[in-house]
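Under the numbering used here, the first residue of the sequence shown is numbered 8, with each subsequent residue one higher.
Even glycine gets a Cβ: it sits at the ideal position worked out from N, Cα and C.
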Amino acid sequence: MFLISKLVALATTPMLWVLLMLCLGCALMRRRPVLARRLILASTATLLLGGWAAAPEALLRHLERQYPDPPPLPLDHYAGVVVLGGATESAYRWEGTLEPQMNAGVERLTTVLPLLRQAPRLQVVFTGGEGEYFGAGLSEAERARRFFAQLGVDTERVLFESASRNTYENAVFSARLAGVNPQRPWILLTSAAHMPRSLAVFRKQGWNVTPYAVDFNAGLSTPSWAKNR
8 MFLISKLVAL
18 ATTPMLWVLL
28 MLCLGCALMR
38 RRPVLARRLI
48 LASTATLLLG
58 GWAAAPEALL
68 RHLERQYPDP
78 PPLPLDHYAG
88 VVVLGGATES
98 AYRWEGTLEP
108 QMNAGVERLT
118 TVLPLLRQAP
128 RLQVVFTGGE
138 GEYFGAGLSE
148 AERARRFFAQ
158 LGVDTERVLF
168 ESASRNTYEN
178 AVFSARLAGV
188 NPQRPWILLT
198 SAAHMPRSLA
208 VFRKQGWNVT
218 PYAVDFNAGL
228 STPSWAKNR
């Protein structure tokens, strides 16, 4: 499943298709010039469309606006919060430094602190192993543990799942942790753009989860140039 998910991600990378069409177009230039020109034109159009910031931003906005800023939740009603990995830099960047190496998704982790202030008894589950092809070194769970410790979070109160490599495994492996009952109500905390897929995966695996989206990047309002006039 992990390999399939990575192959699908690779196959849906626009730049890969740009390179394939460009190389194929050049290879066919003598034998089939018409097809070659069409492939080169298609690769150029794909590159221009993908490089135009408005296009990916529109897609990102579509994903994020499905789950706007979460309203106040009755935290005492929930068994806990499941925090998905993806907020730390690769393990090799952590070597030789005590400074946490975080990426743009760090809000996934920092949001835990105010939630615990509101509900000190809230169970926190962090799930994340190593999602890279040839990942080695500290698991993301261990990297998150270090970051939580620097935030002042009592890491003894956090359950860390360190074997998962994708969202499917996040859901399956977290459900196996001692003391975790996925049928009880849980909060699912991840980046807004990842929430639609993550929520669907967790619910399919039997989790009773409420979305708590953070890390908005595209904004929820439609730009003036994209509005109907």
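_For Val-41, which residues in the same chain have their Cβ closer than 7 angstroms to its Cβ, ignoring the five residues on either side in sequence?_
none
*Classify Arg-68 as buried or exposed, calling it buried when 16 or more other Cβ atoms lie within 10 Å of its own Cβ.*
buried
*If we ignore side chains and look at the alpha-carbon of each, how far apart do Arg-72 and Met-36 end up?*
Those two C-alpha atoms are separated by around 44 angstroms.
*In the DSSP assignment, what residue or residues form a beta bridge with Ser-198?*
Val-221
*Rounded separation between Gly-135 and Phe-223 - CA only*: Going by the C-alpha atoms only, they are around 21 angstroms apart.
*Where Glu-149 and Ser-169 are concerned, what is the direct C-alpha to C-alpha distance, given to the nearest angstrom?*
8 angstroms
_Between the alpha carbons of Leu-26 and Arg-38, how many angstroms are there, rounded?_
19 angstroms
*Rounded straight-line distance, which links the Cα of Leu-66 to that of Leu-29*: 25 angstroms
_Within 8 angstroms, strictly: CB atoms of Thr-95 and Met-109_ = yes
*What residue does the beta strand (DSSP E) around Leu-35 start on, and which one ends it?*
Where Leu-35 is concerned, there is no enclosing beta strand (DSSP E), given that its DSSP letter is neither H nor E.
*Separation of Leu-31 from Val-221, as counted between CA atoms*: 41 angstroms
*Alpha carbon to alpha carbon, how far is Val-208 from Trp-214?*
9 angstroms
*In whole angstroms, what is the alpha-carbon distance linking Leu-184 and Trp-24?*
Per the coordinates, the alpha-carbon of Leu-184 lies some 40 angstroms from the alpha-carbon of Trp-24.
*Taking Leu-116 and Val-88 to be in contact with their CB atoms under 8 angstroms, please state how far apart those CB atoms are, rounded to whole angstroms.*
Going by Cβ atoms, the distance from Leu-116 to Val-88 rounds to 11 angstroms, so no, they are not a contact pair.
*asked:* What does DSSP give as the partner residue(s) for Gln-264 in the beta ladder?
replied: The requested residue 264 does not occur in the structure, where the chain is confined to residues 8 to 236.
*Short check: CB of Leu-166 to CB of Val-187, under 8 angstroms?*
yes
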